[in-house]
Amino acid sequence: DTGVSQDPRHKITKRGQNVTFRCDPISEHNRLYWYRQTLGQGPEFLTYFQNEAQLEKSRLLSDRFSAERPKGSFSTLEIQRTEQGDSAMYLCASRALSLASGANVLTFGAGSRLTVL
Amino acid sequence: RKEVEQDPGPFNVPEGATVAFNCTYSNSASQSFFWYRQDCRKEPKLLMSVYSSGNEDGRFTAQLNRASQYISLLIRDSKLSDSATYLCVVNLAGNQFYFGTGTSLTVIP
């Protein structure tokens, strides 16, 4: 396991379509985060999981956004009925459990870039 | 109000210069603080944590002022390879990490 993997790296879709992004965290990390980043802005927190429990989702941008982590390993972020304003980089990060393992460090994947036409 | 505010810059400095970035945070309950670096079209990576007593890592010095709720990063003897966006990050309640807008630095030969 060399890091956080995200798939797909790029997605172009038409407005109104649904898209799903997948994140595979570092295997021993039990916490997983989703962020959105637009040009010239810092990553914007969306949601996070501890194991399979989604502990914060109030920052999801609308009810069109949903995330799951059914078995506490990989996670998916789905955007329904995409809009042009959803075009952004969607970043996933994972975090270890213990301080000894670097619990204060977020390790990011390379991101999934979404373009909505 | 945003949790973290940063001056987006850009900062354009010559090689060898010293440059400082500041950021402010709004929630006094914030627990831990970090600087991340993000290269163009890459993911953010941890540069350094920020401790209450201040800490140094080579040419980089981070400071925290809890009373005024600001964090700073000082880069001495700037190198071309320091050109990047520097993101201020605040950790709330142990699990939520909030990023600033980022400050863009370009080091000029």
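Those protein sequences? They're chains A and B, same order as listed.
Under the numbering used here, the first sequence has 67 at position 67, and the numbering climbs by one with no breaks.
Whatever position you read off the second sequence (first residue = 1), add 1000 for the numbering used here.
Beta carbons: idealized from backbone N, C-alpha and C, even for Gly.
Values in this document were obtained by computation on a predicted structure and should not be read as measured data.
For residue i, the first and last residue of its enclosing beta strand (DSSP E)
i	result
LEU97 of chain A	Segment: none, LEU97 of chain A is in no beta strand (DSSP E) and carries neither H nor E.
PHE49 of chain A	44–50
PHE1099 of chain B	1096–1099
PHE74 of chain A	Careful: PHE74 of chain A lies outside any beta strand (DSSP E) and carries neither H nor E.
ILE26 of chain A	Looking at the DSSP string, ILE26 of chain A is not in any beta strand (DSSP E), and its letter there is neither H nor E.
PRO1014 of chain B	1011–1014
SER1072 of chain B	1070–1075
CYS1088 of chain B	1084–1092
ASP63 of chain A	Here ASP63 of chain A belongs to no beta strand (DSSP E), and DSSP marks it neither H nor E.
LYS1002 of chain B	Element bounds for LYS1002 of chain B: n/a, residue is neither H nor E.
Contact list for residue i against chain B, beta-carbon separation under 8 Å
i	result
GLN41 of chain A	THR1101 and GLY1102
GLU56 of chain A	ASN1095 and GLN1096
PHE108 of chain A	GLU1043, PRO1044 and LYS1045
ARG31 of chain A	ASN1095
Through-space distance from residue j to residue i, alpha-carbon basis
i	j	result
GLU1003 of chain B	ASP24 of chain A	28 Å
GLN41 of chain A	THR47 of chain A	18 Å
THR115 of chain A	THR13 of chain A	6 Å
LEU1074 of chain B	ALA1084 of chain B	14 Å
ALA110 of chain A	GLN1038 of chain B	11 Å
ASP1077 of chain B	CYS1023 of chain B	21 Å
PRO1008 of chain B	TRP1035 of chain B	14 Å
SER1049 of chain B	SER1030 of chain B	14 Å
SER27 of chain A	PHE1060 of chain B	31 Å
ARG95 of chain A	VAL1013 of chain B	34 Å
LEU55 of chain A	SER66 of chain A	13 Å
GLY72 of chain A	ASN104 of chain A	19 Å
SER75 of chain A	PRO1109 of chain B	43 Å
Proximal residues of chain A, C-beta to C-beta of residue i below 9 Å
i	result
LEU1087 of chain B	GLY42 and PRO43
beta-carbon residue i near the ligand MN non-hydrogen atom, thresh 6 Å
i	result
TRP1035 of chain B	What this structure holds is no ligand at all, so the ligand MN is not there to describe.
Proximal residues of chain A, C-beta to C-beta of residue i below 7 Å
i	result
SER1032 of chain B	ASN104
Check: Counting Cβ pairs, one atom from each stretch, are 3 or more of them under 8 Å apart for the segment 22–36 of chain A and the segment 1011–1025 of chain B?
Finding: Judged by Cβ distances under 8 Å, the segment 22–36 of chain A makes no contact with the segment 1011–1025 of chain B, as fewer than three pairs qualify.
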